[in-house]
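In full-length UniProt numbering, the protein residues as written are 1 to 218. Structure first, then comments.
This is the structure we're talking about:
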């Protein structure tokens with residue numbers, strides 16, 4: 001932040017024909033800040049300092065979609081949630097939010113205008129699958145195999161775009177919750193990014209923890 005402020009303060013003293021270089025420097029500062037923040041998030045995810053609790057998946061998904069619509073609407077991209085139930089997973093509070101942010105950020109970078117990104121919630125065999133499906137160019141099988149590696153960026157990524165840590169963070173967060181991230185080709189093309197997390201057992205008592213109630217009644 002201090003470096004960015006110093007660069008911004010230089011703007012009145014920079015010649016008009018050098019303004020582009022200053023903008024590039026500011027962009028590089030923002031990129032490095034993003035990488036540092038991502039590394040801190042990854043370190044926290046792997047520290048295991050907080051235990052899992054029941055989390056309302058539909059409520060968290062609705063909350064994140066409401067925030068990302070501010071980004072999607074100017075791009076003429078719709079966001080839709082498909083769910084026939086209100087599943088509950090056992091997860092560290094806040095981690096599902098961050099996984100969804102990674103999925104939606106990537107999907108919005110890839111999806112063309114006029115398309116819809118679908119968030120689908122599926123319960124199956126003691127797991128809840130949170131799927132983000134876009135209509136973008138998708139990834140090859142080889143790219144999908146490497147996409148969750150740290151600092152990996154696809155061949156089509158624009159220069160300076162992303163840190164190469166988003167899916168690595170999502171995968172780490174899923175593992176911290178005894179789950180995993182799966183990348184598949186979406187029906188009809190595009191990418192289906194999926195986080196599979198352990199479901200809150202149906203036989204367990206109704207959740208009453210603060211994190212669950214905060215999302216449920218927000």
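We treat Cβ as the ideally placed atom computed from N, Cα and C, and that holds for glycine. Predicted, not measured: the structure shown is a model, and the values here were computed from it.
Complete alpha helix (DSSP H) runs within the stretch 161-192 (minimum length 4 residues, chain order) | 166-176
Buried or exposed (CB count within 10 angstroms, at least 16 for buried), residue 93 | Reading the chain shown from its first residue, position 93 is the one you call residue 93. By the neighbour-count rule (16 or more Cβ atoms within 10 Å), residue 93 is buried.
Just the C-alpha distance for residue 127 and residue 11, rounded to the nearest angstrom, thanks.
-> The sequence position of residue 127 within the chain shown is 127, counting from 1. The sequence position of residue 11 within the chain shown is 11, counting from 1. Looking at the two C-alpha atoms, the distance is approximately 53 Å.
What three-state label does DSSP hand residue 148 in the structure shown?
-> As a working mapping, residue 148 is identified with position 148 in the chain shown. The answer is coil: DSSP assigns residue 148 none of H, G, I, E or B.
Please name the residue or residues paired with residue 132 in a DSSP beta bridge.
-> The residue labelled residue 132 in the question sits at position 132 within the chain shown. In the DSSP output, where bridge partners are listed per residue, residue 132 has 119, 193.
Cα-Cα, which of 119, 55, 56 is closest to residue 68?
-> Looking up residue 68 in the chain shown gives position 68. Looking at the Cα atoms, 119 is the closest of the given residues.
Is the number of C-beta pairs between the stretch 93-109 and the stretch 179-198 that are closer than 8 Å three or more?
-> yes
6 Å CB neighbourhood of residue 174 in its chain, flanking five on each side removed | Translated into positions along the chain shown, residue 174 becomes position 174. Excluding positions up to five away in sequence, the list reads 180, 181, 195.
Cβ atoms of residue 57 and residue 86: under 9 Å apart, would you say?
-> Walking along the chain shown from the start, residue 86 turns up at place 86. Walking along the chain shown from the start, residue 57 turns up at place 57. Contact flag set, yes.
Look at the alpha carbon of residue 144 and the alpha carbon of residue 9, and state the distance between them as a whole number of angstroms.
-> In the chain shown, the residue the question calls residue 144 occupies position 144. In the chain shown, the residue the question calls residue 9 occupies position 9. Taking the straight line joining both Cα atoms gives about 42 Å.
Are the C-beta of residue 168 and some C-beta of chain D separated by less than 9 Å?
-> Looking for chain D here will not work: only one protein chain is present.
Where the alpha helix (DSSP H) through residue 77 begins and ends = On the chain shown, residue 77 is found 77 positions in, with the first residue counted as 1. Element bounds for residue 77: n/a, residue is neither H nor E.
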